[in-house]
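Visitor: Numbering-wise, UniProt numbering puts 41 at position 41 of the sequence shown, and it's gapless, one number per residue. After the structure tokens below, expect a handful of questions from me.
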Amino acid sequence: MEPRFRKRADGKEVMDKARTAITQHRGDPSNRRHLLGFFEIQFGLFREQTFRWVAENSLGYAAYLVAAMKRDPTGGSKDSKEHSLNKGCFKEYIELFPSGRIAIAMKEEQYAANAPQHIPPAQGSPPAQHLTTTEHAAPTQQAGTSQHA
């Protein structure tokens, strides 16, 4: 038996399992939302769970994954074709639901708030001048003079 972390199902296998499961649950295989709900996720923490299970039990994690997919659609270019298609279907499924879209937006806001901010200097403004330590020192009082006149 191949270790779980290496096991990858091809797209046809995922589709066949989903169609079998939806038929057993007396669902409608022609309804894309129902069909996608029975797809098994082929990546991440909940590998081999159905899309529906992940959406119902860990919406925050699902939103995190989809937001990450939006930031890097190529997945770092390390995904196989089947893996990439599975991610695309997962993203589509989560975005079908209003609560999924809201959770994704929240994750995107969290990422934007935590992302390092790089503000370029305004054009035409002179570069910042660095003062020497002598320019920062308080003026010295000369002997015999008073600052209060």
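Yeah, the Cβ is synthetic: ideal placement off N, Cα and C, and Gly gets one too. Values in this document were obtained by computation on a predicted structure and should not be read as measured data.
For Lys-107, count neighbouring Cβ atoms within 10 angstroms of its own Cβ and tell me buried if that reaches 16, exposed if not.
Guide: Indexing the sequence shown from 1 puts residue 107 at position 107. Looking at its Cβ environment, which holds 16 or more other Cβ atoms inside 10 Å, Lys-107 is buried.
Visitor: Output the distance between the C-alpha atoms of residue 176 and Leu-65, rounded to the nearest integer angstrom.
Guide: Examination of residue 176 is not possible in this model, given that the chain is present from 1 through 149 alone.
Visitor: Counting only beta-carbon atoms, is Tyr-111 nearer than 8 Å to chain D?
Guide: Within the model displayed, chain D is absent; a lone protein chain is all it includes.
Visitor: On the premise that Ala-68 lies in contact with Gly-100, defined as a C-beta separation below 8 Å, what is that separation, rounded to the nearest angstrom?
Guide: Start at 1 with the first residue of the sequence shown, and residue 100 comes out as number 100. Start at 1 with the first residue of the sequence shown, and residue 68 comes out as number 68. So it is not a contact: roughly 14 Å between Cβ atoms.
Visitor: Are Lys-17 and Glu-48 closer than 8 Å when you measure CB to CB?
Guide: Mapped onto the sequence shown, residue 17 falls at position 17. Mapped onto the sequence shown, residue 48 falls at position 48. No. Outside cutoff.
Visitor: Taking all protein chains shown into account, decide if Ile-102 is buried (16 or more other Cβ within 10 angstroms of its Cβ) or exposed.
Guide: Locating residue 102 in the sequence shown gives position 102, counting from the first residue. Taking all protein chains in view, the Cβ of Ile-102 is surrounded by fewer than 16 other Cβ atoms within 10 Å, so the residue is classified as exposed.
Visitor: Pro-73 to Tyr-111, Cα distance in whole Å?
Guide: The residue you call residue 73 lines up with position 73 of the sequence shown. The residue you call residue 111 lines up with position 111 of the sequence shown. For Pro-73 and Tyr-111, the distance between alpha carbons rounds to 16 Å.
Visitor: Quick one: what does DSSP say Ala-149 is sitting in, helix, strand or coil?
Guide: To locate residue 149, count along the sequence shown from 1; it is residue 149. Only weak support is given to the placement of Ala-149: the predicted model assigns it a pLDDT of 49, under 50, and the question is left unresolved by the model.
Visitor: Could you tell me which of Ser-84, Lys-78, Thr-20, Ala-105 sits nearest to Tyr-61, measuring between CA atoms?
Guide: Within the sequence shown, residue 61 is the residue found at index 61, counting from 1. Comparing Cα positions, the closest option is Ala-105.
Visitor: Spatial neighbours of Ser-58 within its chain, please: C-beta separation below 7 Å, excluding the five flanking residues on both sides.
Guide: The sequence position of residue 58 within the sequence shown is 58, counting from 1. Within the same chain, Ser-58 has close Cβ partners Phe-46.
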